[in-house]
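**Q**
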Amino acid sequence: MQQVSDQLRLEAKKIGFVPTMGFLHKGHLSLISKSKNIADITVVSIFVNPTQFAPNEDFNRYPRDIDSDKKILEELGVDYLFLPSADDIYPFSFQTFVTVEELSKIIEGEYRPTHFKGVTTIVNILFNCVKPHFAIFGQKDAQQAAIIKQMVNDLKMDVVIVVEPMVRESDGLAMSSRNVYLSEEERNSARLLYSSLLTAEKFVQDKEIDPERIKREMKVMLSEDKNIRLDYIKIVNADTFNEALFIEEGNVYYVLIAVRIGKTRLIDNILVRPGR
Ligand code: PAF
14 MQQVSDQLRL EAKKIGFVPT MGFLHKGHLS LISKSKNIAD ITVVSIFVNP
64 TQFAPNEDFN RYPRDIDSDK KILEELGVDY LFLPSADDIY PFSFQTFVTV
114 EELSKIIEGE YRPTHFKGVT TIVNILFNCV KPHFAIFGQK DAQQAAIIKQ
164 MVNDLKMDVV IVVEPMVRES DGLAMSSRNV YLSEEERNSA RLLYSSLLTA
214 EKFVQDKEID PERIKREMKV MLSEDKNIRL DYIKIVNADT FNEALFIEEG
264 NVYYVLIAVR IGKTRLIDNI LVRPGR
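Okay, so the sequence shown: first residue is 14 according to the numbering used here, each after it adds one.
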């Protein structure tokens, strides 16, 4: 991969990179389409990264379908698929990790304390292999995107991070490879996530300034469905990821939510701007 990228760079080609864990869906397709718009060459990686899963999480059952993924990538005209093995990435002698200290501890980090360390480490390794000019991530994992931006900034990495808006199913459910875990009943319950986020958006547009009030209303909505167990609702400044004490005009906020439905953990978010 490094040799391919060196050659492309010699030819003055701009390389766009979409890192994925495979089982591609429309959310990935929008990232690929962005890369194709802004770069000359698009590289997609597929690697289900063991270091970002805790021992009690779903690494083993994470959905995989490499044949279907390859077909999709071919149809989309993606230039290169980077498909390393676990041994390529993490040989027996491996011992170096990259951590964005503070941002990795909060919000998702409170529930998944080792997750972001695994993400930043693999993203570093992938960047060193692919040597992209641009790397495209989804807003679905908003905190992940913020952490990667922080890492790139802190380590003066020579790559532009692009964050693309969320893609949703027609019923509002955020696209995720993990949606296949949901039974029909669970899937119905999952729709409430987006409804609750839209409620939050409406409050913000209607000039509600108290984040606690908004979170309370969302909790009431979610508590009506017995399948939903709430991990958190947070309203944070979209630039800093600090929790908002007040919703202030001129700022942009993420309303972030994480729930468990059956054995599946889902996250979702919405970007909100106070109305004028
Ligand atoms: O967002 C993902 O799919 C993963 O966290 C990533 C960025 C591919 C790293 O494994």
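For every residue, glycine included, the Cβ atom is placed at its ideal position computed from N, Cα and C.
From a predicted model like this one, the values you see are computed outputs, not experimental measurements.
#1: Could you work out which residue in Val175, Ser202 and Glu262 is closest to Asp219 when comparing CA atoms only?
#2: Near Asn255, what residues of its chain come up, given a Cβ to Cβ distance below 8 angstroms and the 5 sequence neighbours on each side ignored?
#3: List, from N- to C-terminal side, the beta strand (DSSP E) runs of 3 residues or more that fit wholly inside the segment 39-64.
#4: Could you tell me the alpha carbon to alpha carbon distance between Ser81 and Pro287, rounded to whole angstroms?
#5: Count the other CB atoms within 10 Å of the CB of Asn282; is the residue buried (16 or more) or exposed (fewer)?
#6: Determine the burial state of Thr253: buried for a count of at least 16 other Cβ atoms within 10 Å of its Cβ, exposed for fewer.
#7: Based on the DSSP output, what are the partners of Ile246 in its beta bridges?
#8: Is the segment 195-214 touching the segment 169-176, taking contact as three or more C-beta pairs under 8 angstroms?
#9: Just checking Ile283 against the ligand PAF - is the residue's beta carbon closer than 7 angstroms to any of the ligand's heavy atoms?
#10: Taking the alpha carbon of Val268 as the reference point, which residue from Glu214, Pro145 and Asp53 has its own alpha carbon closest?
#11: With distances taken from CA atoms, which of Gln108, Ala271 and Tyr266 is nearest Leu284?
#12: Compute every distance between the C-beta of Gln20 and the non-hydrogen atoms of the ligand PAF, then say whether any falls below 7 angstroms.
#13: For the beta strand (DSSP E) holding Val5, just list the boundary residues, first then last.
**A** So, from the data block:
#1: Glu262
#2: Val249
#3: Counting whole runs of 3 or more residues, the segment 39-64 contains the beta strand (DSSP E) stretches 54-59.
#4: 42 angstroms
#5: buried
#6: exposed
#7: Ile270
#8: no
#9: Incorrect: Ile283 has no Cβ contact closer than 7 angstroms to the ligand PAF.
#10: Answer by Cα proximity: Glu214.
#11: Residue Tyr266 is the option with its Cα nearest to Leu284.
#12: Not so, every heavy atom of the ligand PAF lies at least 7 angstroms from the Cβ.
#13: Residue 5 is absent from the model: the chain starts at 14 and stops at 289.
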